[in-house]
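Novice: Pasting a structure here, questions to come.
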Amino acid sequence: MHPSTAGLVAYCDAQAGSARRRRIDNHLSRCQQCRGELRRIQVEKDELSISGISGATGDLKTGLTELLSSMVAWRDGQTVGLASGVKNRVRSQLELYMGSPAVSLMERPGMRAEELLANACEILDALLGPAAAEAVRDDMLGGLRCAREAAETLSRAAVERHPRAAADKHPPRGSEKHQ
Amino acid sequence: MMRKSDFEGIESAPRWILLFLGANLAAGMLAVYVWHAANLVFSIQAASGSTSALSVTGMAAVDLWLCLVVLRGFPAGAPLRSAWLLITLAAAARVVSGVMGSLSGSGAPAVLAAGGPIQLALLAAGIFTLLRVLRRFGFCREPGTADWAVSGIAVLFTLCRLGEVAAEWLAGRPIPLETWISLAGLPILCVLFLEAMLLRQSVVRIGNGLITRGWVALVCGIFLTGAGELTLWVIPHYSQTLPLAMFGALIRLPIAAAFALVPASQVAAQRRATKPANGQPEDLAGGTDHRLLWPVMPR
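Note that the protein sequences, when read in sequence, are chains A and B. Here the first sequence is numbered in the numbering used here, starting from 1412 and rising by one per residue. Here the second sequence is numbered in the numbering used here, starting from 8 and rising by one per residue.
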């Protein structure tokens, strides 16, 4: 009696019991038809597993690519939005303190936000005084956490420009003790 | 529409100055009108002199105080420190001239020198420093034809005055010391006119912001100084009946107010920076209306 297709599949998957496996082995040694059937099942199974694995890999790659693209787009969007926000604030402050023509004079096409900010701070520092310019700068950068680094850089530059004023504002600890 | 908060704090100084100037000018105009309506039957020269001198000296004192406030905002090493220092010294010279004039008479040489060539020279040096800083940032521009024409009028006036004095001197008439002091200030006034025109061009290039309003006031102050000198020189040539002291008073106060508006606008800008006006329209935040000062300035 020939084994059923389900039995051959189970044999092929090594899921058949030992008695059943022995019976199928005995039968396959005598029956060419069942050997052919087993070969066909094996081939189909191999094809299925190969196509399944490669299909899964393709989906993964596509998914990862899409995910990375989305992440990059999100990050770029955030950066562009931040830069645009900083630029708008710098422009509005320059318009308030100096005037609209000054903005067009200072801003070149394609100018980066930090460059515009640095130029604006330098000019306001010169024309308005360091303390007031610092307040304007804080106003421009208010709420922008990513711009903190730029603010620190500008503070360092301001200290380098006006070391005496900075010393007056933030006296060294040693001098406080002496006082 | 004005609100109560618009007149609070030191940042409202430009508004107070303009208000005071407006009231004073209105009173002066009314006095001239009454004098004219009364067919010149009484003299208003003596009555106006001491009052106007007090107003001018008071305005100069406010100017000096505001200059000192501004100067505190520019520590040593700041690019505009020296410019503001010189402008403060010019304001101090005006105060000294006003106070000494009240005490020892306005004709004293020291009074005339302090209120004339000395303060003009200090102002010229201050504006020169300011223009250098503006040039560094690329905000300077060549003067236009109108600027050259206005400066030319100042030069022409100076030459006329020099010619007049030279003619008197050649005729053997004695030249009083105050005339020499006055003449010494005229070449400086020419330089100031040229600087004012350069500053005006810079303001046109930059725009009318809170900072530049002070410079507009400075240009106006210099322009009014020149116009006042010219008017006071021209009037006696054409009319002996016009109340010269009254006109002098009417001119001197706007000049003092214009110079006081320079630090007042700067203080307003500095205070606006350190204390941002919450919910205030930015255009009204502590500044003067540029149309009152210089009608040709751009918005």
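Even glycine gets a Cβ: it sits at the ideal position worked out from N, Cα and C.
If you reduce the DSSP assignment to three classes, tell me which class B:Gly-214 lands in.
Specialist: As a first step, residue 214 of chain B must be located in the second sequence, where it is residue number 207. Three-state result, B:Gly-214: coil.
Novice: Along chain A, which residues have their Cβ under 8 Å away from the Cβ of B:Ile-213?
Specialist: Mapped onto the second sequence, residue 213 of chain B falls at position 206. Within chain A, the residues near B:Ile-213 are Met-1509, Gly-1510, Pro-1512, Ala-1513, Leu-1516.
Novice: Assign B:Arg-22 to one of two classes, buried (16 or more other C-beta atoms within 10 Å of its C-beta) or exposed (fewer than that).
Specialist: One-based indexing of the second sequence puts residue 22 of chain B at position 15. Looking at its Cβ environment, which holds 16 or more other Cβ atoms inside 10 Å, B:Arg-22 is buried.
Novice: How is A:Pro-1541 classed by DSSP in three states: helix, strand or coil?
Specialist: Position 130 of the first sequence, counted from the start, is the residue given in the question as residue 1541 of chain A. If DSSP states are grouped into helix, strand and coil, A:Pro-1541 belongs with the helices.
Novice: What do you get for A:Leu-1419, buried or exposed, if any count of 16 or more other CB atoms within 10 angstroms of its CB means buried?
Specialist: Numbered from its first residue, the first sequence carries residue 1419 of chain A at position 8. Under this definition A:Leu-1419 is a buried residue.
Novice: What three-state label does DSSP hand A:Cys-1442 in the structure shown?
Specialist: Taking the first sequence and counting its residues from 1, the one referred to as residue 1442 of chain A is at position 31. DSSP places A:Cys-1442 in coil when its eight states are reduced to three.
Novice: By alpha-carbon positions, which one of B:Gly-84, B:Ile-125, B:Ile-213, B:Gly-108 ends up nearest to B:Thr-95?
Specialist: Residue numbering aside, residue 95 of chain B sits at position 88 when the second sequence is read from its first letter. Answer by Cα proximity: B:Ile-125.
Novice: Between the alpha carbons of A:Asp-1536 and B:Asp-70, how many angstroms are there, rounded?
Specialist: Taking the first sequence and counting its residues from 1, one reaches residue 1536 of chain A at position 125. Taking the second sequence and counting its residues from 1, one reaches residue 70 of chain B at position 63. Whole-angstrom Cα-Cα distance: 23 Å.
Novice: DSSP three-state call for B:Pro-261: helix, strand or coil?
Specialist: Counting from one through the second sequence, the residue named residue 261 of chain B turns up at place 254. Here B:Pro-261 sits in helix by DSSP.
Novice: With a threshold of 8 Å between beta-carbons, can A:Val-1501 be considered close to chain B, or not?
Specialist: Taking the first sequence and counting its residues from 1, the one referred to as residue 1501 of chain A is at position 90. It does not: the Cβ of A:Val-1501 has no partner Cβ on chain B nearer than 8 Å.
Novice: Leaving out five residues before and five after B:Leu-201 in sequence, what residues of the same chain have Cβ atoms less than 6 Å from its Cβ?
Specialist: Numbered from its first residue, the second sequence carries residue 201 of chain B at position 194. Contacts found: Ser-158.
Novice: Look up B:Cys-147 in the DSSP assignment and say whether it is helix, strand or coil.
Specialist: Walking along the second sequence from the start, residue 147 of chain B turns up at place 140. Three-state DSSP puts B:Cys-147 in coil, outside helix and strand.
Novice: Compare the C-beta of B:Leu-87 against all C-beta atoms of chain A and say whether one is closer than 8 Å.
Specialist: Walking along the second sequence from the start, residue 87 of chain B turns up at place 80. Judged by the 8 Å Cβ criterion, B:Leu-87 is in contact with chain A.
Novice: Using a Cβ-Cβ cut-off of less than 7 Å, give me the residues of the stretch 195-228 of chain B that come near chain A, in sequence order.
Specialist: Cβ contacts with chain A come from Arg-212, Ile-213, Gly-214, Asn-215, Gly-216, Leu-217, Ile-218, Thr-219.
Novice: Apart from the five residues on each side of it in sequence, which residues of its chain come closer than 7 Å, Cβ to Cβ, to B:Met-204?
Specialist: For the purposes of this step, residue 204 of chain B is taken as residue 197 along the second sequence, with counting starting at 1. Cβ within range, chain order: Pro-150, Asp-154, Val-157, Ser-158.
Novice: With 8 Å as the threshold, decide whether the Cβ of B:Gly-80 is near any Cβ in chain A.
Specialist: If you number the second sequence from 1, residue 80 of chain B lands on position 73. Chain A contact via Cβ: present.
Novice: Tell me the DSSP secondary structure of A:Ile-1594 in three-state form.
Specialist: Nothing about residue 1594 of chain A can be reported from this structure: the residues present for chain A run from 1412 to 1590 only.
Novice: Count Cβ pairs between the stretch 162-169 of chain B and the stretch 132-142 of chain B that sit closer than 8 Å; are there 3 or more?
Specialist: The answer is no - the stretch 132-142 of chain B does not touch the stretch 162-169 of chain B, with fewer than three Cβ pairs under 8 Å.
Novice: Below 8 Å on the Cβ atoms is my guess for B:Ala-120 versus B:Val-103; work out the distance and round it to an integer in Å.
Specialist: Numbered from its first residue, the second sequence carries residue 120 of chain B at position 113. Numbered from its first residue, the second sequence carries residue 103 of chain B at position 96. In fact, because the Cβ distance is near 10 Å, the residues do not count as touching under 8 Å.
Novice: Three-state secondary structure (DSSP) at A:His-1413?
Specialist: Locating residue 1413 of chain A in the first sequence gives position 2, counting from the first residue. Here A:His-1413 sits in coil by DSSP.
Novice: Under three-state DSSP, which class holds A:Pro-1512?
Specialist: By 1-based counting over the first sequence, the position of residue 1512 of chain A is 101. Correct three-state label for A:Pro-1512: helix.
Novice: Give every residue of the same chain whose Cβ lies closer than 6 Å to the Cβ of A:Ala-1421, excluding the five residues on either side of it in the sequence, and list them in chain order.
Specialist: Working through the first sequence from its first residue, we reach residue 1421 of chain A at position 10. So the list reads Ala-1427, once near-sequence residues are dropped.
Novice: Taking 6 Å as the limit between beta carbons, can you name the residues of its chain near B:Leu-237, skipping five residues before and five after?
Specialist: Translated into positions along the second sequence, residue 237 of chain B becomes position 230. Excluding residues within five positions, the ones whose Cβ falls inside 6 Å are Phe-164.
Novice: B:Met-154 lies in the alpha helix (DSSP H); which residues open and close that run?
Specialist: Counting from 1 along the second sequence, the entry for residue 154 of chain B is found at position 147. One point to set straight first is that residue 154 of chain B is Asp, not Met, in the sequence displayed. From DSSP, the alpha helix (DSSP H) with B:Asp-154 extends over 152-177.
Novice: Assign B:Phe-81 to one of three DSSP states: helix, strand, or coil.
Specialist: Within the second sequence, numbered from 1, the residue matching residue 81 of chain B stands at position 74. Three-state result, B:Phe-81: coil.
Novice: Is the separation between the beta-carbon of B:Gln-208 and that of A:Gly-1540 shorter than 8 Å?
Specialist: Reading the second sequence from its first residue, position 201 is the one you call residue 208 of chain B. Reading the first sequence from its first residue, position 129 is the one you call residue 1540 of chain A. It is not a contact, given that the beta carbons lie outside the stated cut-off.
Novice: Compare the C-alpha of A:Met-1412 against each of A:Ala-1425, A:Ser-1429, A:Ala-1524, A:Leu-1439 and name the closest.
Specialist: Reading the first sequence from its first residue, position 1 is the one you call residue 1412 of chain A. When only C-alpha atoms are compared, the closest one is A:Leu-1439.
Novice: For A:Pro-1541, which residues in chain B fall below 7 Å Cβ to Cβ?
Specialist: The residue labelled residue 1541 of chain A in the question sits at position 130 within the first sequence. Result: Pro-82, Ala-85.
Novice: Is the beta carbon of A:Ala-1494 less than 8 Å from the beta carbon of A:Ala-1524?
Specialist: Locating residue 1494 of chain A in the first sequence gives position 83, where the first residue counts as 1. Locating residue 1524 of chain A in the first sequence gives position 113, where the first residue counts as 1. In this structure, A:Ala-1524 lies closer than 8 Å to A:Ala-1494 by Cβ.
Novice: Taking 8 Å as the CB-CB cut-off, is A:Ala-1403 touching chain B?
Specialist: This structure leaves residue 1403 of chain A out entirely; chain A is present only between 1412 and 1590.
Novice: For a contact defined as C-beta to C-beta under 7 Å, what are the partners of B:Gln-277 on chain A?
Specialist: In the second sequence, the residue the question calls residue 277 of chain B occupies position 270. What B:Gln-277 touches in chain A: Leu-1539, Gly-1540, Ala-1543.
Novice: Would you say B:Leu-6 and B:Leu-129 are within 8 Å of each other, going by their C-beta atoms?
Specialist: Because chain B spans 8 through 306 in this model, residue 6 of chain B falls outside it and cannot be assessed.
Novice: For B:Lys-3, name the three-state secondary structure that DSSP assigns.
Specialist: Residue 3 of chain B cannot be examined here, being either before or after the span of chain B that is shown, 8 to 306.
Novice: Taking the alpha carbon of B:Leu-196 as the point to measure from, which residue in B:Ser-19, B:Ile-134, B:Pro-183, B:Pro-243 has its own alpha carbon closest?
Specialist: In the second sequence, counting from the first residue as 1, residue 196 of chain B sits at position 189. Nearest C-alpha to B:Leu-196: B:Ile-134.
Novice: May I ask you to report which of helix, strand or coil DSSP gives A:Asp-1549?
Specialist: Residue numbering aside, residue 1549 of chain A sits at position 138 when the first sequence is read from its first letter. Note: A:Asp-1549 maps to helix in three-state DSSP.
Novice: Using a Cβ cut-off of 8 Å (strictly closer), state whether B:Thr-95 contacts chain A.
Specialist: By 1-based counting over the second sequence, the position of residue 95 of chain B is 88. No, its Cβ sits nowhere closer than 8 Å to a Cβ of chain A.
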